[in-house]
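Residue 139 in the working numbering sits at position 72 of the sequence shown, and the numbers go up by one each step. The structure under discussion appears below in the form of structure tokens.
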Amino acid sequence: MKKCPHCGASNSLGVIKCSKCMEPLTDANIRLRTLDPLCKGANHRKSDNLHQKNIIYRCFDYTILEHPQKCAFVHLSAIPNGTFYDIKNFRKSHIPMLLKMKAKCQAICLNMLKTIIAKEKIVAGNCNLNITDDAETLSKLKELSCKIALGFNYPNAFTHVNMHVILPPIYNFGIFKSPNYYPLQKVLQDLEVFSRVRSYTTLELKKLLETDSHLMEIEKLHDSTRAFFKSLTKNDV
């Protein structure tokens, strides 16, 4: 991995700028991998620390926790339990687990949004308004929670595979830049068709580097989410 000398963030070997602070990185910044928070979270039951505060949800198959290097308003990590170094360890049999991770992350983000909006309305003076009684707002929140950005980085910056769970606004778009960003949809499609995750082909790489469609989609999500939050603020004025 490459360790940023400015902010201390971990980055994959292929990047030339830190995904967190955009500091230029060179081969001089390469460091040996260490036991990072994601690996500890995935092996939580084997750890002596039984009360990790950053863990939001855990079941037999996977863990959801706060990402150690936040780049957005909400930035979580969904990680399979056990030994998964990166997306190349996934097989077709892991599709059901990935879909369950996706559904749980969407549910968690919806609950977060409800809490956030409820607090905003209380601050605005609508103390008696129950968010579940506002059908229009609740519908928009559900729609927003289904549009959260879900994806992986390859090569991986950590010692354990990590599915980014992003709810804008986004502070830094570094992790989404091609060719290191793999949307969950691509991972699922590859597993369904090829039983493994394939690296981008030469043609795909050329197209991504020309247009970076993944980054463009994330930027659209960022803009639409900001517009949604602004509309709520205006309605409460």
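For each residue, glycine too, the CB sits at the ideal point set by N, CA and C.
Which listed residue (the options) has its alpha carbon closest to that of residue i
| i | options | result |
| --- | --- | --- |
| V37 | Y249, P222, E259 | This structure cannot settle anything about residue 37, because the visible part of the chain is limited to 68 through 304. |
| F240 | D290, E271, F261 | D290 |
| Y124 | A174, L166, M89 | A174 |
| F157 | T278, E259, K181, A294 | E259 |
| R152 | V228, I83, P135, K214 | What sits at residue 152 in the sequence shown is Tyr, not Arg. It is V228. |
| P246 | R263, D257, Y221 | Y221 |
| E203 | K214, I83, K181 | K181 |
| V264 | K159, N78, L99 | K159 |
| L251 | C138, K273, F219 | F219 |
| I154 | L177, T226, A95 | T226 |
| R98 | D201, L205, M68 | M68 |
| H161 | S262, A170, P135 | S262 |
| K137 | I237, T292, E271 | I237 |
| L80 | C176, A224, E271, L205 | A224 |
| A139 | T269, L217, I184, S298 | L217 |
Boundaries of the beta strand (DSSP E) in which residue i is found, first to last residue
| i | result |
| --- | --- |
| L270 | Here L270 belongs to no beta strand (DSSP E); instead the alpha helix (DSSP H) covers 269-278. |
| L143 | 139-147 |
| L258 | No beta strand (DSSP E) contains L258, which is instead part of the alpha helix (DSSP H) from 251-261. |
| Y129 | 129-133 |
| R125 | 122-125 |
Sequence-distant residues of the same chain with beta carbon closer than 7 Å to residue i, five excluded per side
| i | result |
| --- | --- |
| D115 | Its pLDDT being 46, under 50, D115 is placed unreliably by the model, and the measurement read from it follows with that caveat. Nothing meets the Cβ criterion. |
| A145 | Y129, I131, M168, C172, M230, V232 |
| K253 | none |
| K214 | L288 |
Cβ shell of residue i (< 8 Å), same chain only, five flanking positions each side left out
| i | result |
| --- | --- |
| M179 | V141, L234 |
| E210 | none |
| M164 | D128, Y129, P147 |
| F295 | K207, L211 |
| D279 | K244, S245 |
| L282 | F240, F243, K244, S245, Y248 |
| P12 | This structure gives no information on residue 12, because the portion of the chain shown stretches from 68 to 304. |
| L166 | L255 |
| C88 | C71, H73, C74, A76, N239 |
| L276 | S245, P246 |
Range of the contiguous alpha helix (DSSP H) that encloses residue i
| i | result |
| --- | --- |
| A202 | 202-212 |
DSSP bridge partner residues for residue i (one or two, in chain order)
| i | result |
| --- | --- |
| H231 | S144, G218 |
| N223 | Partner(s): none; N223 has no beta bridge. |
| Y248 | N220 |
| P91 | K84 |
| S77 | K70 |
Chain C within 7 Å of residue i, Cβ atoms only
| i | result |
| --- | --- |
| T226 | Absent from the structure: chain C. Only one protein chain is present. |
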